[in-house]
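Undergrad: Each residue of the sequence shown is one higher than the one before, counting from 344 in my numbering.
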Amino acid sequence: MSETTKRIRASGGHAEKLDVDGVELYALCDGYLDMELSRFPDMVRGIGDDLAIADGQDLNDMTVSVNAFLLRYGDRLCLIDAGDGIWRGNTLGFLPSALAKLGIAPDEITDLFMTHLHRDHAGGLFRDKRLVYPNANMYVAADEIAFWSTPELIDDVQRVQVPIAQAALEAYRERIFVIHPGEEILPGIAVRALPGHTPGQVGFQLGKERPLLIAADALHLPALQIKHPEWGFLFDVNQAQSLATRTALLAEAAQSGLRLAGAHFPFPGVIGVTQGPEGLGFRNAAMP
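1. Quick one: is Ser354 buried, meaning 16 or more other Cβ sit within 10 Å of its Cβ, or exposed?
2. By the DSSP assignment, the alpha helix (DSSP H) with Leu512 in it spans what residues?
3. For Leu577, write down the residues that DSSP places opposite it in a beta bridge.
4. Looking only at its own chain, which residues have a Cβ that is under 8 Å from the Cβ of Ala514, when we skip the five neighbours before and after it?
5. Please work out which residues of its chain come closer than 6 Å, Cβ to Cβ, to Ala606, disregarding the five sequence neighbours upstream and downstream, and give them in chain order.
6. For Gln504, I'd like the list of residues in its chain whose CB is within less than 6 Å of its CB, leaving aside the five on either flank, ordered along the chain.
7. Helix, strand or coil, according to DSSP, for Ala479 in the structure here?
8. What distance in whole Å lies between the Cβ atoms of Gly612 and Ala370, which are believed to be in contact at a cut-off of 8 Å?
9. DSSP on Asn680, reduced to helix/strand/coil?
10. Tell me the DSSP secondary structure of Ser354 in three-state form.
11. When DSSP labels each residue in this structure, what does Thr330 get in the three-state scheme?
12. Whole angstroms is fine: what's the gap from Leu496's alpha carbon to Ala489's?
13. Please determine, among Ile528, Asn581 and Val545, the residue with the shortest C-alpha to C-alpha distance to Arg535.
14. Rounded to a whole number of angstroms, what is the C-alpha to C-alpha distance between Gly389 and Asp398?
15. Sort Val407, Gly446, Asn433 and Trp430 by Cα distance to Leu420 and report the nearest one.
16. Under three-state DSSP, which class holds Ser345?
17. Along the chain, where does the alpha helix (DSSP H) containing Asp373 start, and where does it finish?
18. Going by DSSP in three states, Glu359 sits in which element: helix, strand or coil?
19. Just to confirm my understanding: we take Gly615, look at its own chain, exclude 5 residues before and 5 after, and list those with CB closer than 6 Å. What are they?
20. Based on Cα-Cα distance, which residue from Gly575, Leu455, Gln548 and Gly466 lies nearest to Phe520?
21. So who's on the other strand from Gln548, going by DSSP bridges?
22. What residues in its chain sit with their C-beta under 8 Å from that of Leu586, if we drop five residues either side in the sequence?
23. Once you ignore the five residues that flank Gln618 on each side, which residues in its own chain have a CB closer than 6 Å to its CB?
24. Give me the Cα-Cα distance between Gly436 and Ala425, rounded to the nearest whole angstrom.
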């Protein structure tokens with residue numbers, strides 16, 4: 344087992360403060376998932392192996408973090424995504440433990456900012472059929488609500504995601520606030536469109552001096568997809584749109600210095616994209 348994999352598997356329940364000017368932001372780890380290579384159907388195996396090895400990983404034993412983020416904004420405690428919860432066994436469901444490390448109880452969360460409603464982002468809203476965050480309002484993009492509200496149009500690959508997405512929308516239906524790309528969800532916190540993985544996936548951009556975009560699932564594995572953004576992910580609803588989003592985002596990050604925080608990057612999940620003679624690369628960018 345690689346050192347990177349060991350570190351990822353030991354991160355469940357951890358919380359780490361991130362360096363973002365003007366706001367108090369923490370990365371939280373819900374746990375980890377073993378990543379099946381079949382989820383990257385376009386990957387060229389030999390090239391992928393070399394890229395993984397260069398990043399200290401092994402494609403035969405690939406593990407990804409499941410990250411969420413906590414924003415403390417005045418008297419509000421805003422959870423950005425909720426992790427997977429306990430739906431897939433004992434490697435996940437540690438988000439409440441991560442909050443506890445910050446002295447925060449689940450019923451103190453005031454807002455849920457959802458990037459999208461896949462199970463590994465919304466499953467942690469529930470435990471034993473009860474709401475984990477009973478006092479929170481939920482914020483979801485209009486296109487995301489529309490997509491999961493028409494299950495008859497959803498293909499077989501996505502169908503496994505429908506129960507959790509619809510349960511989330513139903514549970515919070517009296518407390519859902521619809522958000523739109525281009526607006527600020529809070530002063531200084533911009534909503535950005537990141538369509539493709541789901542039609543209504545959004546990110547949240549914070550900070551001015553060293554801006555950071557919580558980029559959800561715009562890309563899953565930096566070790567593979569920064570060099571090869573064309574290697575799509577099986578659960579991307581629209582592969583072409585996802586590629587366009589990913590390519591544009593990586594180019595922007597390389598040019599502007601925008602840091603990216605990913606739901607499945609090795610915890611704490613923040614990278615900077617670099618441009619060199621051999622193309623794009625990346626570095627850990629959680630702190631200066």
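Even glycine gets a Cβ: it sits at the ideal position worked out from N, Cα and C.
TA: The structure says:
1. Position 11 of the sequence shown holds residue 354. Taking all protein chains in view, the Cβ of Ser354 is crowded by 16 or more other Cβ atoms within 10 Å, so the residue is classified as buried.
2. Here residue 512 refers to the residue found at position 169 of the sequence shown. Unbroken alpha helix (DSSP H) run through Leu512: Val505 to Ala514.
3. By 1-based counting over the sequence shown, the position of residue 577 is 234. DSSP output for Leu577 lists no bridge partner at all.
4. Indexing the sequence shown from 1 puts residue 514 at position 171. Taken in chain order, the residues that qualify are Leu468, Phe469 and Leu474.
5. Taking the sequence shown and counting its residues from 1, the one referred to as residue 606 is at position 263. Asn410, Ala559 and Asp560, listed in sequence order.
6. Indexing the sequence shown from 1 puts residue 504 at position 161. Result list for Gln504: His461 and Arg462, in chain order.
7. On the sequence shown, position 136 is the one that residue 479 refers to. Coil, per DSSP.
8. Counting from 1 along the sequence shown, the entry for residue 370 is found at position 27. Counting from 1 along the sequence shown, the entry for residue 612 is found at position 269. So it is a contact: roughly 6 Å between Cβ atoms.
9. The chain is shown only over 344 to 631; residue 680 falls outside these bounds and no answer can be derived.
10. For the purposes of this step, residue 354 is taken as residue 11 along the sequence shown, with counting starting at 1. Correct three-state label for Ser354: coil.
11. The chain is shown from 344 up to 631; residue 330 falls before or after that span and cannot be answered.
12. One-based indexing of the sequence shown puts residue 496 at position 153. One-based indexing of the sequence shown puts residue 489 at position 146. One C-alpha to the other measures close to 11 Å.
13. Working through the sequence shown from its first residue, we reach residue 535 at position 192. Considering only alpha carbons, the answer is Val545.
14. For the purposes of this step, residue 389 is identified with residue 46 of the sequence shown, where counting begins at 1. For the purposes of this step, residue 398 is identified with residue 55 of the sequence shown, where counting begins at 1. Roughly 15 Å between the two C-alpha positions.
15. For this step, residue 420 is matched to residue 77 along the sequence shown. Among Val407, Gly446, Asn433 and Trp430, the Cα nearest to that of Leu420 is on Gly446.
16. Taking the sequence shown and counting its residues from 1, one reaches residue 345 at position 2. Of the three classes helix, strand and coil, the one that applies to Ser345 here is coil, per DSSP.
17. Counted from its first residue, the sequence shown places residue 373 at position 30. Element bounds for Asp373: not the alpha helix (DSSP H) but the beta strand (DSSP E), Glu367 to Asp377.
18. The sequence position of residue 359 within the sequence shown is 16, counting from 1. The answer is strand: DSSP assigns Glu359 an E or B state.
19. Position 272 of the sequence shown, counted from the first residue, corresponds to residue 615. Contacts found: Arg602, Arg626 and Ala628.
20. Locating residue 520 in the sequence shown gives position 177, counting from the first residue. Residue Leu455 is the option with its Cα nearest to Phe520.
21. As a first step, residue 548 is located in the sequence shown; it is residue number 205 there, counting from the start. In DSSP, Gln548 forms a bridge with Ala533 and Leu556.
22. Mapped onto the sequence shown, residue 586 falls at position 243. Once the five neighbours on either side are set aside, the close Cβ partners of Leu586 are Gly539, Pro572, Glu573 and Gly575.
23. As a position in the sequence shown, residue 618 is number 275, starting the count at 1. Answer for Gln618: Ala597, listed in chain order.
24. Here the question's residue 436 lines up with position 93 in the sequence shown. Here the question's residue 425 lines up with position 82 in the sequence shown. Distance from the CA atom of Gly436 to the CA atom of Ala425, rounded to whole angstroms, is 9 Å.
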